[in-house]
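Protein sequences, first through last, are from chains G and B.
According to the working numbering, the first sequence is numbered sequentially starting from 969.
According to the working numbering, the second sequence is numbered sequentially starting from 969.
Here a beta-carbon is modelled for each residue, glycine too, at the ideal position from N, C-alpha and C.
Quick caveat: nothing in here was measured; it's all calculated off a predicted structure.
Okay, structure first, notes after.
Number of protein chains: 2
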Amino acid sequence: MICEHEKLHEISVKRAKEHILHTQDVEKICKVFRLLADPNRFKIVSALLEGELCVYHLCEICQSTVSAVSHQLRLLKDGNIVRAKRMGKNVEYSIADGHIREIVEMGVEHLYCKGE
Amino acid sequence: MICEHEKLHEISVKRAKEHILHTQDVEKICKVFRLLADPNRFKIVSALLEGELCVYHLCEICQSTVSAVSHQLRLLKDGNIVRAKRMGKNVEYSIADGHIREIVEMGVEHLYCKGE
DNA sequence: TGAACACTTGAATAAATGTTCAACTATTCA
DNA sequence: TGAATAGTTGAACATTTATTCAAGTGTTCA
């Protein structure tokens, strides 16, 4: 009982401790946020929300190099954010998970509603 | 027109280019995701969603040191995720922005619906 | 088959990040 | 005032991360 406001926070502390997620779960959630936290990856994901695209077009949209985009795509693929499918000479990328759109849109909404 | 599937992707490319956010906006959004991408900060934010708490209790909940939590709180404060308010010897922290709850909950939902 | 295109990969480098430690400020109360 | 409590801060360190470059794989087509 070091904190003076023990009484005031009793309920918050109790609820926070009850609701705290397991470390593994927190890490899984954070991994998704971390993947969306890089501007280039965010642009890749945003672009793919409009439809599937090959690496060349993603480079064009993100104004980045083929190699950099490919490295980022690998991370997104490993994190189950995107899916790859070879079509002839090209590799088509698409969004792998339906929740991603909601998370991205929530981020955009947060931006536009700032200052309310 | 290097990509073979130009026809197929014409619409996706067009839409992606139209909808692409400004670099500054992408960076603002990514900053929020980056702040939520660290397990300790995520735990701090989750705990504060249950009600305001002082540093000591946040340490207890996050199983971290006072100094580490304080450093993380400064980042969260700079990013307008949390707010600080001195109450006597303690500093009470609370969530500064209404959208944070939705973003966090979206992350949690993504976790539980994995595999659908 | 071999040249051209599309993409991937590994190593190297530079930059950003998180934690710890020690020293510091701010507040209360005897 | 001074001791105790609560929290902040800066420097140092190790770790992670993103990009670049060069070399590689896979596919198509003449």
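Just checking: is the beta-carbon of residue i within a distance shorter than 7 Å of some beta-carbon in chain G?
{"i": "B/His990", "result": "no"}
{"i": "B/Leu1041", "result": "no"}
{"i": "B/Gly1047", "result": "no"}
{"i": "B/Glu1018", "result": "yes"}
{"i": "B/Val1037", "result": "no"}
{"i": "B/Cys1027", "result": "no"}
{"i": "B/Ser1032", "result": "no"}
{"i": "B/Gly1083", "result": "Its pLDDT being 44, under 50, B/Gly1083 is placed unreliably by the model, and the measurement read from it follows with that caveat. Answer no: the Cβ-Cβ gap between B/Gly1083 and chain G never drops below 7 Å."}
{"i": "B/Arg995", "result": "In the sequence on display, residue 995 of chain B carries Glu and not Arg. Yes, B/Glu995 lies at the interface with chain G (some Cβ there is under 7 Å from its Cβ)."}
For chain B, is any of its Cβ atoms less than 7 Å away from the one on residue i?
{"i": "G/Arg983", "result": "yes"}
{"i": "G/Arg1051", "result": "no"}
{"i": "G/Leu1044", "result": "no"}
{"i": "G/Arg1002", "result": "yes"}
{"i": "G/Glu1070", "result": "yes"}
{"i": "G/Ser980", "result": "yes"}
{"i": "G/Val1059", "result": "no"}
{"i": "G/Glu1064", "result": "The amino acid at residue 1064 of chain G is misidentified as Glu; the sequence shows Ala. No, no contact with chain B."}
Among the options, whose alpha-carbon lies nearest the alpha-carbon of residue i?
{"i": "B/Pro1007", "options": "G/Arg1042, G/Val1013, G/Glu995, G/Ser1032", "result": "G/Glu995"}
{"i": "B/Ala984", "options": "G/Cys1030, G/Lys982, G/Leu1004, G/Gln1040", "result": "G/Cys1030"}
{"i": "G/Arg1054", "options": "G/Lys1011, G/Gln1040, G/Glu1020", "result": "G/Glu1020"}
{"i": "B/Glu1107", "options": "B/Ser1014, B/Asp993, B/Ala1052, B/Gln992", "result": "In this structure chain B extends from 969 to 1084, so residue 1107 of chain B is not present and cannot be described."}
{"i": "B/Asp1065", "options": "G/Asp993, G/Tyr1080, G/Gln992, G/Ser1032", "result": "G/Tyr1080"}
{"i": "G/Ser1032", "options": "G/Leu1044, G/Asp993, G/Leu1043, G/Ile1012", "result": "G/Ile1012"}
{"i": "B/His1043", "options": "B/Tyr1061, B/Gly1056, B/Lys982", "result": "It should be noted that the sequence gives Leu, not His, for residue 1043 of chain B. Residue B/Tyr1061 is the option with its Cα nearest to B/Leu1043."}
When the distance is taken between beta carbons, is residue j closer than 7 Å to residue i?
{"i": "G/His987", "j": "B/His1067", "result": "no"}
{"i": "B/Ser980", "j": "G/Glu1018", "result": "yes"}
{"i": "G/Val1037", "j": "G/Val1059", "result": "no"}
{"i": "G/Leu1016", "j": "G/Ile1071", "result": "no"}
{"i": "B/His977", "j": "G/His990", "result": "no"}
{"i": "B/Gln1040", "j": "B/Arg1069", "result": "no"}
{"i": "G/Ala1052", "j": "B/Ala1005", "result": "no"}
**Report entry** At least 3 beta-carbon pairs within less than 8 Å: the region 998-1013 of chain G vs the region 1031-1048 of chain G
**Finding:** Three or more pairs of CB atoms, one per stretch, sit closer than 8 Å, so the region 998-1013 of chain G contacts the region 1031-1048 of chain G.
Query - 3 or more residues per run - each beta strand (DSSP E) lying fully within the region 1001-1081 of chain B - result: The qualifying runs are 1050-1055, 1058-1063.
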